[in-house]
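Asks:
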Amino acid sequence: MRIGEFKKRWLPKLKEARELDLLLEFVLGKSAEEIVLSNNLLLKKEEIVTLERMLSELLAGKPLDYIMGERYFYGERFKVDESTLIPRPETEILIELAGEKILRQLRDLLVVDIGTGSGNIVISLAKMLKKQGISCSENNIKFLATDISPVALAMARKNASLLGVSEVDFLKGDLLKPLEAILAKTSANIFLLANLPYLSEVVYHNTAPKVKKYEPRSALLSGRDGLDHYRRLLKQLKAGEQSGWLRKRNIYCFWEISPEQKDNLTGEIAKTFPKAEIVAHRDLAKRWRIIEWAMKAKS
Ligand SMILES: C[S@@+](CC[C@H](N)C(=O)[O-])C[C@H]1O[C@@H](n2cnc3c(N)ncnc32)[C@H](O)[C@@H]1O
């Protein structure tokens, strides 16, 4: 069967024509332009079998990225499966904002990603520095990432290795817990990045069925108002201030949120750390997405 005929057969069944093109690109290893020009190309039998299996999964509601087992994020291909959240385009804003600030500081930094999932945030930042020819060892820049889920961490480690990033240490545990000993010792300034679960019960309830069916609930839901994880992270940071490590260095935080949480989370941060400098950033659709906040070391 030729590609044109195959498309004619499947297109009426699909909601988005683009998804069929993406699957053809993926299975045949061709670019979007090549697929558009390949209507007369004969498909091999095994290609048809693979495509039909994937299309049946798509029709059953499985997200395309899980079917292909990968997702483009910040220009790189990340492996994903049902153990990790599919990286979202809005998280690229966090990379832009944090990356810009990291590039301005560039010495003696500890970059920490809490709730790393597929590793997309920390790996993208490490790659950004590499692409600019910046040596992390010469500039004393270290990367750490944590996740509570061992299967997510396995995927993050796999992505780091496939993408040629060896600078990140991935640790299992609750938020900052696995890092406490390291944080107590370091004299570096800290970048604390987090895209933690932040959906409230109501938002989670109204989320698309395929998200609820396929993506891990533990990566999405965070209590009644969606802020349980961030509140606990603030508590751990407060304990860090009381035990001393947080006071000895600057800390720069970039946390992704759901738009309606901006005032609540900003309020929680200000209540916990009255001296924090807090700024909120919007996405391209003008919805609040990132809370950036910082505290300077006390001399
Ligand atoms: C919203 S997902 C984000 C994944 C990834 N950072 C991204 O941007 O796509 C949240 C991640 O936090 C992890 N997580 C949930 N509870 C956690 C906890 N108590 N400590 C550390 N990680 C946690 C989940 O396993 C999940 O991988």
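Each residue of the sequence shown is one higher than the one before, starting from 9 at the first, in the numbering used here. Using N, Cα and C, we set each Cβ at its ideal position, and we do this for glycine too.
1. Excluding the five sequence neighbours on either side, which residues of its own chain have a C-beta within less than 6 angstroms of the C-beta of residue 79, listed in chain order?
2. Taking a contact to mean a Cβ-Cβ separation below 8 angstroms, would you say residue 151 touches residue 164 in this structure?
3. Could you tell me the alpha carbon to alpha carbon distance between residue 225 and residue 155, rounded to whole angstroms?
4. Measure the CB-CB distance between residue 99 and residue 264 and report whether it falls below 8 angstroms.
5. By DSSP, does residue 287 sit in helix, in strand, or in coil?
6. Which residue or residues does DSSP assign as beta-bridge partners of residue 79?
7. Are the CB atoms of residue 189 and residue 116 within a distance shorter than 8 angstroms?
8. Would you say the beta carbon of residue 75 is closer than 7 angstroms to some non-hydrogen atom of ligand 1?
9. By how many angstroms is the C-alpha of residue 34 removed from the C-alpha of residue 146?
10. Would you say residue 227 touches ligand 1, meaning its beta carbon is less than 7 angstroms from a heavy atom?
11. Once the 5 residues before and after residue 91 are set aside, which same chain residues still bring their CB inside 8 angstroms of it?
12. Measure the C-alpha to C-alpha separation of residue 44 and residue 253 and round it to an integer number of angstroms.
13. Among the residues of its own chain, which have a CB less than 7 angstroms from the CB of residue 15, if the five just before and after it don't count?
14. To which residues of the same chain is residue 128 closer than 6 angstroms at the C-beta, ignoring the five residues directly before and after it?
15. Is residue 215 near ligand 1, going by C-beta to nearest heavy atom under 7 angstroms?
16. Once you ignore the five residues that flank residue 230 on each side, which residues in its own chain have a CB closer than 8 angstroms to its CB?
17. Taking DSSP's pairing of strands, which residues face residue 258 in a bridge?
18. With 16 other CB atoms within 10 Å as the buried threshold, where does residue 56 fall?
19. I'd like to know whether the C-beta atoms of residue 288 and residue 299 end up nearer to each other than 8 angstroms.
20. Between the alpha carbons of residue 290 and residue 120, how many angstroms are there, rounded?
21. Can you look up residue 154 in the DSSP assignment and give me helix, strand or coil?
22. Residue 180 and residue 186 look like a contact to me (Cβ under 8 angstroms); what is the Cβ gap, rounded to whole Å?
23. From 213, 243, 217, 250, pick the residue whose C-alpha is nearest to that of residue 232; which is it?
24. Measuring only from the beta carbon, is residue 158 closer than 7 angstroms to any heavy atom that is part of ligand 1?
25. Around the C-beta of residue 210, are 16 or more other C-beta atoms found within 10 angstroms, so that it is buried, or is it exposed?
26. Would you mind sorting residue 250 into buried or exposed? The rule is 16 or more other CB atoms within 10 Å of its CB.
27. Given this structure, state the Cα-to-Cα distance separating residue 221 from residue 171, to the nearest angstrom.
28. Pull up the distance between the alpha-carbon of residue 63 and that of residue 11, whole angstroms please.
29. Skipping 5 residues on each side, what residues in its chain have a beta carbon closer than 8 angstroms to that of residue 70?
30. Let me check understanding here. Comparing Cα to Cα, which of 278, 292, 296, 260 lies closest to residue 2?
31. Quick one: Cα of residue 118 to Cα of residue 286, how far?
Replies: Result, derived from the coordinates:
1. Taking the first residue of the sequence shown as 1, we reach residue 79 at position 71. So the qualifying residues of the chain are 73, 86, 88, 94, 95.
2. Counting from 1 along the sequence shown, the entry for residue 151 is found at position 143. Counting from 1 along the sequence shown, the entry for residue 164 is found at position 156. Remark: C-beta atoms of residue 151 and residue 164 do not approach each other more closely than 8 angstroms.
3. Along the sequence shown, read from residue 1 onward, the residue named residue 225 stands at position 217. Along the sequence shown, read from residue 1 onward, the residue named residue 155 stands at position 147. Their backbone Cα atoms lie some 14 angstroms apart in a straight line.
4. For the purposes of this step, residue 99 is taken as residue 91 along the sequence shown, with counting starting at 1. For the purposes of this step, residue 264 is taken as residue 256 along the sequence shown, with counting starting at 1. Going by C-beta atoms, residue 99 is nearer than 8 angstroms to residue 264.
5. Against the sequence shown, residue 287 aligns to sequence position 279. Strand, per DSSP.
6. Here residue 79 refers to the residue found at position 71 of the sequence shown. The secondary-structure analysis by DSSP pairs residue 79 across a beta bridge with 86.
7. In the sequence shown, residue 116 corresponds to position 108, counting from 1. In the sequence shown, residue 189 corresponds to position 181, counting from 1. Between residue 116 and residue 189, the C-beta gap is not smaller than 8 angstroms, which leaves the two residues out of contact.
8. Working through the sequence shown from its first residue, we reach residue 75 at position 67. Not so, every heavy atom of ligand 1 lies at least 7 angstroms from the Cβ.
9. Position 138 of the sequence shown, counting from 1, holds the residue named residue 146. Position 26 of the sequence shown, counting from 1, holds the residue named residue 34. A direct Cα-to-Cα measurement between residue 146 and residue 34 gives close to 39 angstroms.
10. Within the sequence shown, residue 227 is the residue found at index 219, counting from 1. Flag set: Cβ of residue 227 near ligand 1.
11. Position 83 of the sequence shown, counting from 1, holds the residue named residue 91. The answer, listed in chain order, is 157, 159, 160, 162, 163, 224.
12. Here residue 44 refers to the residue found at position 36 when the sequence shown is read from its first residue. Here residue 253 refers to the residue found at position 245 when the sequence shown is read from its first residue. Near 57 angstroms, if we compare the C-alpha coordinates of residue 253 and residue 44.
13. If you number the sequence shown from 1, residue 15 lands on position 7. Excluding sequence neighbours, residue 15 sits near 28.
14. If you number the sequence shown from 1, residue 128 lands on position 120. Counting only Cβ-Cβ distances below 6 angstroms, and skipping sequence neighbours, we find 81, 86, 95.
15. As a first step, residue 215 is located in the sequence shown; it is residue number 207 there, counting from the start. In terms of side-chain proximity, the C-beta atom of residue 215 is found no nearer than 7 angstroms to any non-hydrogen atom of ligand 1.
16. Residue mapping note: residue 230 aligns to position 222 of the sequence shown, counting from 1. Excluding positions up to five away in sequence, the list reads 204, 205, 206, 207, 208, 236, 237, 238.
17. One-based indexing of the sequence shown puts residue 258 at position 250. Paired residues: none, contrary to the question.
18. Position 48 of the sequence shown, counted from the start, is the residue given in the question as residue 56. Exposed is the label assigned to residue 56, since fewer than 16 other Cβ atoms lie within 10 Å of its Cβ.
19. Along the sequence shown, read from residue 1 onward, the residue named residue 288 stands at position 280. Along the sequence shown, read from residue 1 onward, the residue named residue 299 stands at position 291. Residue 288 places its beta carbon less than 8 angstroms from that of residue 299.
20. Translated into the one-based positions of the sequence shown, residue 290 becomes position 282. Translated into the one-based positions of the sequence shown, residue 120 becomes position 112. Rounded to the nearest angstrom, the gap between the Cα atoms of residue 290 and residue 120 is 22 angstroms.
21. Mapped onto the sequence shown, residue 154 falls at position 146. Reduced to three states, the DSSP call for residue 154 is strand.
22. Within the sequence shown, residue 180 is the residue found at index 172, counting from 1. Within the sequence shown, residue 186 is the residue found at index 178, counting from 1. Contact flag correct, Cβ pair sits at about 6 angstroms.
23. On the sequence shown, position 224 is the one that residue 232 refers to. Looking at 213, 243, 217, 250, the one whose alpha-carbon comes closest to that of residue 232 is 213.
24. One-based indexing of the sequence shown puts residue 158 at position 150. For residue 158, the shortest C-beta to heavy atom distance toward ligand 1 is 7 angstroms or greater.
25. What you label residue 210 is simply residue 202 of the sequence shown in a count that begins at 1. With fewer than 16 other Cβ atoms within 10 Å, it is exposed.
26. Walking along the sequence shown from the start, residue 250 turns up at place 242. Exposed.
27. By one-based count along the sequence shown, residue 221 stands at place 213. By one-based count along the sequence shown, residue 171 stands at place 163. Their backbone Cα atoms lie some 29 angstroms apart in a straight line.
28. Locating residue 63 in the sequence shown gives position 55, where the first residue counts as 1. Locating residue 11 in the sequence shown gives position 3, where the first residue counts as 1. Taking the straight line joining both Cα atoms gives about 14 angstroms.
29. The residue you call residue 70 lines up with position 62 of the sequence shown. Around residue 70: 218, 222.
30. Because the chain here runs from 9 to 307, residue 2 falls outside it and cannot be looked at.
31. On the sequence shown, residue 118 is found 110 positions in, with the first residue counted as 1. On the sequence shown, residue 286 is found 278 positions in, with the first residue counted as 1. Taking the straight line joining both Cα atoms gives about 20 angstroms.
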